[in-house]
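Residue numbers for the sequence shown follow this note's numbering, beginning at 1018 and rising by one.
Every residue, glycine too, gets a C-beta built ideally from N, C-alpha and C.
In this text, all values refer to a predicted model and were calculated from it rather than measured experimentally.
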Amino acid sequence: MIETNVSRHHQTFLQVIQSYYQLTKPRIIPLLLITTAGSMWIAAKGEVDPLLLLVTLTGGTMAAASGQTINCVYDRDIDYEMERTRHRPLPSGRIQSRDALIFASALAVISFTLLYVFANLLAALLAMSGIVFYVIIYTHFLKRHSTQNIVIGGAAGAIPALVGWAAVTGTLSWPAWVVFAIVFLWTPPHFWSLALMIRDDYAKVGVPMLPVIAGTTPTVRQIWLYTLVTVAATFSLIYPLHVSGVIYGVLAVSLGAVFIYKAWQLLHNPEDRNFAKGLFLYSISYMMLLCVGMVVDSLPFTHHVLNVVVDKAHSLMG
């Protein structure tokens, strides 16, 4: 791959900072962090050490930023071909590939160090495995070669949930893997709905996203099936694992019902990109609010309030 012949000069130091910031694809990172936080709160039974939370989220941010930056280096050729990505720092020539790789390496080293020193080795290694999986398995082997790129590659986006659990407990138990599975199963309907919206861009650069290769109808069927399985998986935290309760359950039911309804709308209107956009945008809110539910449900204060309500109800009935 070659560098593009575009101006590489920055006028101000602030522009340099902004360009490196853009390399990390910052809009993606908050979603990764909320899954980390949700996992941490469940693992800590609602009492997360503030310093550990800060360090884990900071380390996770840097690990994600490192992976995203390397992804930008690898994909700079196809980014240049697509109008919506042509103005990113690498295809526009504002940053050189070598400098981006140095930046990504520094982020990875800092991430590993923070997690190892303030959390534990398992959390640090998991964060690094997320980078490796995203760059090598997804970006190199899958993205340009398989319609299952998002399905298998979704594991990279689910690893932060494991990092959060490991940071609190130093181990990985069944609830950690269930949160991992929820994010993993949620990724295809989330990303395929986006791919339906921009499938022409993917077709232009030869990226075999499912809508490009299989068409819209098979894609929305897959979205429908993955949505149903995702919503079903969310209830595993209630039964049989018993790590989440009523508050989370109410949110899981209500959020899941809307998620299924939007997937059903798309299933019956596969060519309507407005329905695809609606599902894509809602899927973001779905995951964020579901994780907020994990946090709120785990809090001792929530348990206290629920116990008071139950006692009052019993006394009134008695």
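Asked, Found
"Beta-carbon contacts of residue 1060 that lie in its chain and below 6 Å, excluding the five residues immediately before and after", "1182, 1185, 1186"
"Coarse secondary structure for residue 1186, derived from DSSP in three states", "helix"
"CB of residue 1077 within 7 Å of CB of residue 1308, strictly", "no"
"Proximal residues to residue 1297 (C-beta, below 6 Å), its chain only, five neighbours per side dropped", "1210, 1211"
"Span of the alpha helix (DSSP H) around residue 1238", "1233 to 1251"
"Whole-Å CB distance - residue 1313 paired with residue 1255, under 8 Å assumed", "That belief does not hold up - the Cβ atoms of residue 1313 and residue 1255 are roughly 14 Å apart, past 8 Å."
"Top-ranked residue by Cα proximity to residue 1164, from 1041, 1229, 1131, 1318", "1229"
"Sequence-distant residues of its chain with Cβ nearer than 7 Å to residue 1244 (five each side left out)", "1206, 1276, 1277, 1280"
"The stretch 1031 to 1050 contacting the stretch 1073 to 1092, beta-carbon criterion three pairs below 8 Å", "yes"
"Where residue 1274 sits in the DSSP three-state scheme", "helix"
"Check whether residue 1052 and residue 1192 have beta carbons under 7 Å apart", "no"
"Supposed contact pair residue 1073 and residue 1132 - C-beta distance, whole angstroms, cut 8 Å", "7 Å"
"For residue 1207, the three-state DSSP class (helix, strand or coil)", "helix"
"Span of the alpha helix (DSSP H) around residue 1156", "Where residue 1156 is concerned, there is no enclosing alpha helix (DSSP H), given that its DSSP letter is neither H nor E."
"Burial state of residue 1239 (16 or more Cβ within 10 Å)", "buried"
"Among 1048, 1127, 1215, 1030, the one whose alpha carbon lies nearest that of residue 1203", "1048"
"Same chain, Cβ closer than 7 Å to residue 1303, five either side skipped, listed in chain order", "1272, 1276"
"Supposed close pair residue 1258, residue 1195 - CB separation, criterion 8 Å", "6 Å"
"Contact check, residue 1292 vs residue 1283, beta carbons under 7 Å", "yes"
"Per-residue DSSP class, three states only, for residue 1268", "helix"
"Reduced DSSP secondary structure (H/G/I, E/B, other) of residue 1256", "coil"
"Residue 1216 (DSSP reduced to helix, strand or coil)", "helix"
"Residue 1088 classed as buried or exposed, judged by whether at least 16 other C-beta atoms fall within 10 angstroms", "buried"
"Between the CA atoms of residue 1095 and residue 1337 - distance to the nearest angstrom", "This structure does not reach residue 1337, given that the chain is present from 1018 up to 1335, and the question cannot be answered."
"Cα-Cα separation between residue 1328 and residue 1161, rounded to whole angstroms", "58 Å"
"Alpha-carbon spacing of residue 1197 relative to residue 1171, whole angstroms", "10 Å"
"Cutoff 8 Å; reference residue 1098; Cβ partners in own chain excluding five residues on either side", "1221, 1222"
"Environment of residue 1311 [buried if 16+ CB atoms lie within 10 Å]", "buried"
"Reduced DSSP secondary structure (H/G/I, E/B, other) of residue 1018", "Here residue 1018 scores only 40 on pLDDT, less than 50, and its place in the model is too uncertain to base an answer on."
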